[in-house]
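First up is the structure itself, then whatever we jot down about it.
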Amino acid sequence: MRIPRPVTVAISSIVLTGGVAKAQALYEPSWESTDKHNASPEWFRDAKFGVYWHWGAFTTPQYGSEWYGRNMYLPDTMERAEHSLRYGPPEEWGYENFIVGAPDLHGHHVQFKPVLASEGGSFDPAALIRIVKASGARFAGPVAEHHDGFSMWDSEVNEWNSVALGPQLDLLKTFACLIRENGMKLLVAMHQAFNTNGFFSGAPRQTDPSLQKLFGQLPKNMSDQLWFDKQREVVDHVQPDIIWNDFSLNSPGWCHGASDYCSIAEGQRLKYLAYYFNRGMDWDKEVLTTYKQFDSGFRDTSAVADYERGGPTDITRPYWLTDDAISASSWSYTDGMTYYNSTQMIHSLLDRVSKNGNMLLNISPTAAGVLPIDQERVLLDIGTYLGRYGESIYSTRAWDIYGEGPNKTGGGGFTAPLLGNSSDVRFTRNKAGNVLYVTILGWPSSGSVSVKSLGGSTLVSMSDLKSIQLLGDKAGMYKDVPGWMQNADALMISLPKRPAASSAYVLKLSFKFNIPVPQLPLGASIFPVADAKGKGVALAEGEFSCVYLTEAGLRPGDIRFLRVSPGAVVTGYANANLTGPSTDYGAGEHTINAGSLNSLAIAQFVINAAEYQPKLATAILLYPSHADAYESHVRSSHTGSCPRTSIEAEVRRLTAAIEDIERHNNGQQEEDYIEPVVERQIPQRTQLADLICPRVTGITPQKTVKHRIRVAELMLALCRYREGTSRYRLRVGIPPPSIVKEEPPELGPLDPFFPFECSKKQRPFCIGDESKSYEQRMGEFCRPAMMMNHVENIQLKGRDPKAKIECFHPTCKSQGLVLEKLERGAITLMYLLMNSFPIPINMSPHNVDAKSQQKRNPEDPEQAGGKEKECKD
Numbered sequence: 058m059r060i061p062r063p064v065t066v067a068i069s070s071i072v073l074t075g076g077v078a079k080a081q082a083l084y085e086p087s088w089e090s091t092d093k094h095n096a097s098p099e100w101f102r103d104a105k106f107g108v109y110w111h112w113g114a115f116t117t118p119q120y121g122s123e124w125y126g127r128n129m130y131l132p133d134t135m136e137r138a139e140h141s142l143r144y145g146p147p148e149e150w151g152y153e154n155f156i157v158g159a160p161d162l163h164g165h166h167v168q169f170k171p172v173l174a175s176e177g178g179s180f181d182p183a184a185l186i187r188i189v190k191a192s193g194a195r196f197a198g199p200v201a202e203h204h205d206g207f208s209m210w211d212s213e214v215n216e217w218n219s220v221a222l223g224p225q226l227d228l229l230k231t232f233a234c235l236i237r238e239n240g241m242k243l244l245v246a247m248h249q250a251f252n253t254n255g256f257f258s259g260a261p262r263q264t265d266p267s268l269q270k271l272f273g274q275l276p277k278n279m280s281d282q283l284w285f286d287k288q289r290e291v292v293d294h295v296q297p298d299i300i301w302n303d304f305s306l307n308s309p310g311w312c313h314g315a316s317d318y319c320s321i322a323e324g325q326r327l328k329y330l331a332y333y334f335n336r337g338m339d340w341d342k343e344v345l346t347t348y349k350q351f352d353s354g355f356r357d358t359s360a361v362a363d364y365e366r367g368g369p370t371d372i373t374r375p376y377w378l379t380d381d382a383i384s385a386s387s388w389s390y391t392d393g394m395t396y397y398n399s400t401q402m403i404h405s406l407l408d409r410v411s412k413n414g415n416m417l418l419n420i421s422p423t424a425a426g427v428l429p430i431d432q433e434r435v436l437l438d439i440g441t442y443l444g445r446y447g448e449s450i451y452s453t454r455a456w457d458i459y460g461e462g463p464n465k466t467g468g469g470g471f472t473a474p475l476l477g478n479s480s481d482v483r484f485t486r487n488k489a490g491n492v493l494y495v496t497i498l499g500w501p502s503s504g505s506v507s508v509k510s511l512g513g514s515t516l517v518s519m520s521d522l523k524s525i526q527l528l529g530d531k532a533g534m535y536k537d538v539p540g541w542m543q544n545a546d547a548l549m550i551s552l553p554k555r556p557a558a559s560s561a562y563v564l565k566l567s568f569k570f571n572i573p574v575p576q577l578p579l580g581a582s583i584f585p586v587a588d589a590k591g592k593g594v595a596l597a598e599g600e601f602s603c604v605y606l607t608e609a610g611l612r613p614g615d616i617r618f619l620r621v622s623p624g625a626v627v628t629g630y631a632n633a634n635l636t637g638p639s640t641d642y643g644a645g646e647h648t649i650n651a652g653s654l655n656s657l658a659i660a661q662f663v664i665n666a667a668e669y670q671p672k673l674a675t676a677i678l679l680y681p682s683h684a685d686a687y688e689s690h691v692r693s694s695h696t697g698s699c700p701r702t703s704i705e706a707e708v709r710r711l712t713a714a715i716e717d718i719e720r721h722n723n724g725q726q727e728e729d730y731i732e733p734v735v736e737r738q739i740p741q742r743t744q745l746a747d748l749i750c751p752r753v754t755g756i757t758p759q760k761t762v763k764h765r766i767r768v769a770e771l772m773l774a775l776c777r778y779r780e781g782t783s784r785y786r787l788r789v790g791i792p793p794p795s796i797v798k799e800e801p802p803e804l805g806p807l808d809p810f811f812p813f814e815c816s817k818k819q820r821p822f823c824i825g826d827e828s829k830s831y832e833q834r835m836g837e838f839c840r841p842a843m844m845m846n847h848v849e850n851i852q853l854k855g856r857d858p859k860a861k862i863e864c865f866h867p868t869c870k871s872q873g874l875v876l877e878k879l880e881r882g883a884i885t886l887m888y889l890l891m892n893s894f895p896i897p898i899n900m901s902p903h904n905v906d907a908k909s910q911q912k913r914n915p916e917d918p919e920q921a922g923g924k925e926k927e928c929k930d
């Protein structure tokens with residue numbers, strides 16, 4: 058066996074700008090610099106569909122999978138058993154023999170050495186690329202190196218390459234030229250990171266330096282350097298438009314126990330990004346690179362996340378990619394392998410495009426370089442569909458809703474492809490935003506389709522609809538659809554005569570101006586003008602940065618109108634990445650000042666009932682219009698125990714208890730037993746809080762809301778009574794469910810919302826007398842001013858209740874707590890609520906002018922001037 062001579066290259070002096078000399082590189086090897094790169098160029102978002110292929114030395118046995126080289130060395134695997142039968146023990150007949158060539162146990166020469174058709178062999182790369190082109194792929198390319206360490210190009214840093222050994226062909230360059238000749242973008246797939254992180258962990262330790270390189274047994278620093286050297290070589294060798302990277306860039310736990318690192322050194326990764334991006338500038342073209350979505354080796358600000366055999370369940374941004382395989386088993390060809398059918402692959406493509414993604418489909422040529430006819434047929438079927446309905450795929454964008462129907466897929470990687478039916482619909486839109494494509498994943502036997510996402514309940518108006526057309530048998534052919542009707546539930550469309558059979562059918566809805574923006578059940582819609590017109594965007598529950606909103610089609614600073622669904626609350630942030638001053642908006646319509654909303658979060662208007670019921674009571678008092686939304690949510694989600702007695706009876710009992718306390722404070726209460734008043738207040742508030750739970754019987758929703766407001770009023774009344782520690786005789790109308798023992802004040806609050814003492818370390822929210830010095834404030838406890846008249850009379854003695862109050866406690870200062878127009882503590886309460894549970898501050902029935910003004914903290918790197926990442930266009 059001939060072992061190739063090791064190759065070493067000194068690269069420490071390589072200039073990161075590539076072969077063209079530059080005074081200063083545009084990109085430096087740092088995250089701050091590389092994050093400025095546009096992760097997904099416009100051409101990539103337009104392309105939608107690509108093809109690549111797993112083919113190399115690992116295909117030679119045509120058995121198991123592309124991981125044959127790893128599994129043949131592991132105990133109790135089918136690959137080891139097969140290898141021993143055909144070639145001998147792996148320790149004696151090693152993987153390197155597939156590359157350099159050796160006889161099997163039957164005397165047959167075994168080697169990965171495809172022969173060109175022009176030289177009498179079966180390998181016809183031009184024919185393969187013609188089939189790929191016919192599939193409708195807009196980008197394509199080979200696996201240039203897999204985990205096995207065998208490079209498919211003329212490498213200067215790796216002697217284990219396809220020019221020096223095996224085929225003695227520069228396979229990467231051959232494919233690259235043909236792909237570009239056929240008008241497709243070039244993708245190069247690089248999987249070698251796992252080679253350096255234990256792919257051959259079961260193989261014997263090698264003593265030959267060259268075999269150490271092949272088997273990934275070099276020292277860590279040398280392996281990481283070799284990874285970069287190969288990346289750099291591929292960049293310069295074929296100038297790829299896309300470099301697709303497999304896992305092990307930085308994915309601890311994903312190397313099957315073979316590596317303590319499962320990563321490439323961060324410095325090498327950053328060198329690669331800077332080098333590739335700068336070379337793209339040299340070539341005057343937009344390039345992109347990818348990484349596995351579970352791998353943290355790159356960031357989605359500068360690279361595209363790839364889901365293996367899967368994708369998200371809903372629309373996801375930034376733009377993403379999935380790589381799927383035509384086979385359910387192996388990525389490389391194996392004898393007897395089976396395939397998914399054409400419809401499954403087409404439906405999967407439609408689903409991924411509707412969710413803001415692209416699909417990269419893998420094919421598996423034989424060891425001789427021939428594409429099996431069954432795989433060719435799937436590719437040609439996809440090409441037929443795209444040739445007919447391409448306008449609803451290419452150069453489109455995801456709509457606000459990805460689709461509807463019973464059949465769904467996604468949720469991460471390694472999920473089965475989609476197979477839909479006539480009840481399933483997927484949406485896309487044109488770039489101009491005035492054409493909506495409705496793709497039905499099967500022809501309905503009824504001859505009509507009901508599109509629920511376009512029903513009147515979603516606030517989608519059909520008043521500007523110009524036409525509905527069914528895309529015909531050929532590209533550019535249309536059939537008018539005059540019969541349609543919208544009701545609250547759906548847009549019902551009567552279909553014309555069925556066209557030629559297809560895996561899916563497309564309706565084209567053209568509007569005079571813009572596609573109407575739907576109102577999602579738990580979400581919000583944003584618009585660039587105050588009359589809710591223009592190219593708006595509908596958003597579901599989640600967090601949306603400035604970059605996300607821009608990609609969705611609306612510059613955040615241009616948001617002028619916000620429409621929030623019932624049961625939802627929107628928190629709007631002044632800064633790009635959900636930082637800085639914030640404002641909460643409840644259900645309804647809101648006019649936004651230009652430039653004031655640059656990122657936002659949407660959540661359910663809900664709070665954990667068991668933990669925050671006192672807050673809910675006060676919230677419902679201040680915002681009774683939200684009571685119904687809260688009740689609806691708790692009815693469906695709350696599982697805690699709730700009293701089933703009549704709310705009226707409980708209110709009467711608690712009212713009597715409060716009256717007893719009031720009489721006691723006025724000196725009118727008969728002395729029955731001695732107990733501090735504070736002991737009565739905690740259990741009374743607990744019982745009042747229990748009444749907020751809606752799981753009661755024998756009461757109408759209207760009365761429920763009415764009594765909830767009354768309960769909240771009673772809770773506030775309790776909080777205003779004096780908190781004494783002297784003992785009085787007190788008769789209470791009902792026995793307390795629990796007793797709060799008298800404790801020294803410094804022990805801190807017993808209730809997170811109604812504390813009766815706070816130490817220095819227990820001041821998450823506090824308010825103090827600004828007439829006092831900072832030192833004085835540091836030595837005193839403080840609490841919300843609405844708590845007790847103990848606070849009002851002592852801590853805020855002599856203050857005007859409506860005067861500006863500012864807390865100088867360090868915690869409050871760092872959060873920029875400034876409260877204006879203190880009105881019996883209500884504003885302080887609103888501040889507390891807004892920091893723990895969403896409250897729309899502009900919906901107070903008391904017309905309280907509340908503002909939550911957050912000051913910038915210069916010590917916070919996310920808020921410090923010049924350090925915050927600007928939103929990309």
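Heads up, the sequence shown is in the numbering used here, so the first residue is 58 and it goes up one at a time.
All C-beta atoms in this analysis are idealised placements derived from N, C-alpha and C, irrespective of residue type, glycine included.
- Item | Start-end ranges of the beta strand (DSSP E) lying completely within the stretch 484–533, minimum 3 residues | 492–497, 505–508 and 522–528
- Query: Taking the C-alpha atoms as reference points, what is the distance between Ile458 and Ser97?
  - Reply: What you label residue 458 is simply residue 401 of the sequence shown in a count that begins at 1. What you label residue 97 is simply residue 40 of the sequence shown in a count that begins at 1. Roughly 21 Å separates the two Cα atoms.
- Which residues share a DSSP beta bridge with Leu162? As a working mapping, residue 162 is identified with position 105 in the sequence shown. Its beta-bridge partners do not exist; DSSP assigns none.
- Counting Cβ pairs closer than 8 Å, one from the stretch 178–191 and one from the stretch 116–130, do we hit at least three? no
- Determine the direct distance from the alpha carbon of Leu579 to that of Pro501, and round the result to whole angstroms. As a working note, residue 501 is residue 444 in the sequence shown. As a working note, residue 579 is residue 522 in the sequence shown. Approximately 30 Å, taken between the alpha carbons.
- Looking at C-beta atoms only, is the number of pairs between the stretch 223–232 and the stretch 317–337 that lie closer than 8 Å three or more? no
- Query: Does DSSP classify Val435 as helix, strand or coil?
  - Reply: To locate residue 435, count along the sequence shown from 1; it is residue 378. If DSSP states are grouped into helix, strand and coil, Val435 belongs with the helices.
- What is the rounded straight-line gap between the Cα of Arg356 and the Cα of Asp530? Residue mapping note: residue 356 aligns to position 299 of the sequence shown, counting from 1. Residue mapping note: residue 530 aligns to position 473 of the sequence shown, counting from 1. Each residue's Cα considered, the two are about 43 Å apart.
- In the DSSP assignment, what are the bridge partners of Val627? Taking the first residue of the sequence shown as 1, we reach residue 627 at position 570. Tyr642 and Ile659, per the DSSP bridge assignment.
- Beta-carbon separation of Gly593 and Val574 under 7 Å? The sequence position of residue 593 within the sequence shown is 536, counting from 1. The sequence position of residue 574 within the sequence shown is 517, counting from 1. Yes, they are a contact pair.
- Query: Which residue or residues does DSSP assign as beta-bridge partners of Met549?
  - Reply: Taking the first residue of the sequence shown as 1, we reach residue 549 at position 492. Met549 pairs with Ser507 and Met542.
- Query: Who are the Cβ neighbours of Thr117 in its own chain at under 6 Å, not counting the five residues just before and after it?
  - Reply: Along the sequence shown, one-based indexing puts residue 117 at 60. Once the five neighbours on either side are set aside, the close Cβ partners of Thr117 are Phe155, Phe169 and Ala424.
- Task: Compare the beta carbon distance of Met209 and Leu222 with 7 Å and say whether it is the shorter of the two.
- Result: By 1-based counting over the sequence shown, the position of residue 209 is 152. By 1-based counting over the sequence shown, the position of residue 222 is 165. For Met209 and Leu222, no; Cβs fall outside 7 Å.
- Query: Assuming Asn252 and Asp205 make a contact with CB atoms under 8 Å, what is their CB distance in whole Å?
  - Reply: Within the sequence shown, numbered from 1, the residue matching residue 252 stands at position 195. Within the sequence shown, numbered from 1, the residue matching residue 205 stands at position 148. Contact holds; Cβ gap of about 7 Å.
- Continuous beta strand (DSSP E) stretch holding Lys565: start and end: Taking the sequence shown and counting its residues from 1, one reaches residue 565 at position 508. Per DSSP, Lys565 belongs to the beta strand (DSSP E) from Tyr562 to Phe568.
- Query: Based on the DSSP output, what are the partners of Pro20 in its beta bridges?
  - Reply: The question about residue 20 has no answer, for the chain in this structure spans 58 to 930.
- Which residue's Cα is closest to the Cα of Phe11: Trp541, Leu475 and Gly310? The requested residue 11 does not occur in the structure, where the chain is confined to residues 58 to 930.
- Item | Residues near Pro160 by beta carbon distance below 8 Å, same chain, minus five either side | In the sequence shown, counting from the first residue as 1, residue 160 sits at position 103. Around Pro160: His166 and Val167.
- Quick one: residues in its chain with C-beta nearer than 7 Å to the C-beta of Tyr397, no 5 flanking neighbours on either side, listed in chain order? The sequence position of residue 397 within the sequence shown is 340, counting from 1. Ile383, Ala385 and Pro474, listed in sequence order.
- Item | Own chain partners of Phe484 with C-beta closer than 8 Å, once the 5 adjacent residues on each side are dropped | Along the sequence shown, one-based indexing puts residue 484 at 427. For Phe484, where only same-chain residues beyond five positions count, the Cβ hits under 8 Å are Ser411, Ala455, Trp456, Ile458, Tyr459, Gly460, Leu493, Tyr494, Val495, Thr496 and Ser510.
- What do you get for Pro61, buried or exposed, if any count of 16 or more other CB atoms within 10 angstroms of its CB means buried? By one-based count along the sequence shown, residue 61 stands at place 4. Answer is buried; the Cβ neighbour count reaches 16.
- Task: Indicate whether Glu569 and Asp521 have their beta-carbon atoms separated by less than 7 Å.
- Result: Residue mapping note: residue 569 aligns to position 512 of the sequence shown, counting from 1. Residue mapping note: residue 521 aligns to position 464 of the sequence shown, counting from 1. A small correction: the amino acid at residue 569 is Lys; Glu does not occupy that position in the sequence shown. Cβ distance < 7 Å, so Lys569 and Asp521 count as in contact.
- Going by alpha carbons, who is nearest to Trp100 out of Gln225, Lys242, Met534 and Glu149? To locate residue 100, count along the sequence shown from 1; it is residue 43. Measuring from the Cα of Trp100, the nearest candidate turns out to be Lys242.
- Verify the CB distance criterion: does Met416 have a CB-CB separation below 7 Å to chain C? Going by chain labels, chain C is absent from the structure shown, which holds only one protein chain.
- Message: Whole angstroms are fine: how far does the CA of Tyr84 sit from the CA of Asn335?
- Response: Start at 1 with the first residue of the sequence shown, and residue 335 comes out as number 278. Start at 1 with the first residue of the sequence shown, and residue 84 comes out as number 27. Cα-Cα distance, rounded: 6 Å.
- Would you tell me roughly how many angstroms separate the C-alpha atoms of Thr636 and Tyr630, rounded to the nearest one? For the purposes of this step, residue 636 is identified with residue 579 of the sequence shown, where counting begins at 1. For the purposes of this step, residue 630 is identified with residue 573 of the sequence shown, where counting begins at 1. For Thr636 and Tyr630, the distance between alpha carbons rounds to 6 Å.
- Using DSSP with H/G/I as helix, E/B as strand and the rest coil, what is Ile372? Within the sequence shown, numbered from 1, the residue matching residue 372 stands at position 315. Looking at Ile372 - three-state DSSP - the assignment turns out to be coil, as it is neither helix nor strand.
- Message: I believe Arg445 touches Ser359 by the beta-carbon criterion, under 8 Å. Please report the beta-carbon distance rounded to the nearest angstrom.
- Response: Indexing the sequence shown from 1 puts residue 445 at position 388. Indexing the sequence shown from 1 puts residue 359 at position 302. Rounded, the Cβ-Cβ distance is 36 Å, inconsistent with contact.
- Message: Check whether the stretch 299–308 and the stretch 261–281 touch, using three or more Cβ-Cβ pairs below 8 Å as the test.
- Response: no
- Message: Tell me whether the stretch 287–294 and the stretch 307–323 touch, counting them as touching only if at least three CB pairs, one residue from each stretch, are closer than 8 Å.
- Response: no
- Query: beta strand (DSSP E) containing Ile420: first to last residue?
  - Reply: Residue numbering aside, residue 420 sits at position 363 when the sequence shown is read from its first letter. Counting along the chain, the beta strand (DSSP E) containing Ile420 begins and ends at Gly414 to Ile420.
- Contact under 7 Å by Cβ, Val272 with Arg366: Along the sequence shown, read from residue 1 onward, the residue named residue 272 stands at position 215. Along the sequence shown, read from residue 1 onward, the residue named residue 366 stands at position 309. Reading the sequence as shown, one finds Phe at residue 272 and not Val. Taking 7 Å as the Cβ cut-off, Phe272 and Arg366 do not qualify as a contacting pair.
- Message: In the DSSP output, which residue or residues are listed as bridge partners for Tyr451?
- Response: Your numbering for residue 451 matches position 394 in the sequence shown. According to DSSP, Tyr451 bridges with nothing at all.
- Query: Out of curiosity, what's the CA-to-CA distance linking Leu436 and Ser421?
  - Reply: Here residue 436 corresponds to residue number 379 of the sequence shown, with the count starting at 1. Here residue 421 corresponds to residue number 364 of the sequence shown, with the count starting at 1. Cα to Cα, Leu436 sits roughly 12 Å from Ser421.
- Message: My output table needs one value for Asp380: the three-state DSSP class, helix, strand or coil.
- Response: Taking the first residue of the sequence shown as position 1, residue 380 is located at position 323. Three-state result, Asp380: strand.
- Query: Does DSSP put Tyr130 in a helix, in a strand, or in coil?
  - Reply: The residue labelled residue 130 in the question sits at position 73 within the sequence shown. Correct three-state label for Tyr130: coil.
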